[in-house]
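Student: Below is one structure. I have some questions about it.
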Amino acid sequence: MQTLLNIAIGWAPMLLLIAVWLYLVRRTGGMKQSQYFDEMRNYMTAHIAETKRLNANLERIASVLEATAAKPGSNNG
55 MQTLLNIAIG WAPMLLLIAV WLYLVRRTGG MKQSQYFDEM RNYMTAHIAE TKRLNANLER
115 IASVLEATAA KPGSNNG
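Residues 55 to 131 in the working numbering are what the sequence shown spells out, letter by letter.
The following block contains the structure:
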């Protein structure tokens, strides 16, 4: 009987920790994976669209600079 009591006392802190963790997970609604992934997907979609827009602007700037440099009589140095 003493051994059983020692085992129970030894495992009590771990069981208490697990109980508190489960309580907190249930109280906060757990890890709402679908909501997290939806937010991440929206962020990545917006980021890709912004990157494409910036790339198009940089290509326009590069083409204007190339056209300016290719003109005869331009002061390129």
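Glycine residues also receive a C-beta, built at the ideal position from the N, C-alpha and C atoms.
Treat the numbers as computed from the prediction; the structure is a model and nothing was measured.
Look at the alpha carbon of Leu-58 and the alpha carbon of Gln-87, and state the distance between them as a whole number of angstroms.
Tutor: Locating residue 58 in the sequence shown gives position 4, counting from the first residue. Locating residue 87 in the sequence shown gives position 33, counting from the first residue. Taking the straight line joining both Cα atoms gives about 41 Å.
Student: According to DSSP, simplified to helix, strand and coil, what is Thr-99?
Tutor: To locate residue 99, count along the sequence shown from 1; it is residue 45. Correct three-state label for Thr-99: helix.
Student: Going straight from the alpha carbon of Ile-102 to that of Val-118, what length do you get?
Tutor: The count along the sequence shown starts at 1 and reaches residue 102 at position 48. The count along the sequence shown starts at 1 and reaches residue 118 at position 64. Going from the Cα of Ile-102 to the Cα of Val-118 covers about 24 Å.
Student: Rounded to whole angstroms, what is the Cα-Cα separation between Phe-91 and Leu-78?
Tutor: Translated into positions along the sequence shown, residue 91 becomes position 37. Translated into positions along the sequence shown, residue 78 becomes position 24. Rounded to whole angstroms, Phe-91 to Leu-78 spans 22 Å at the Cα level.
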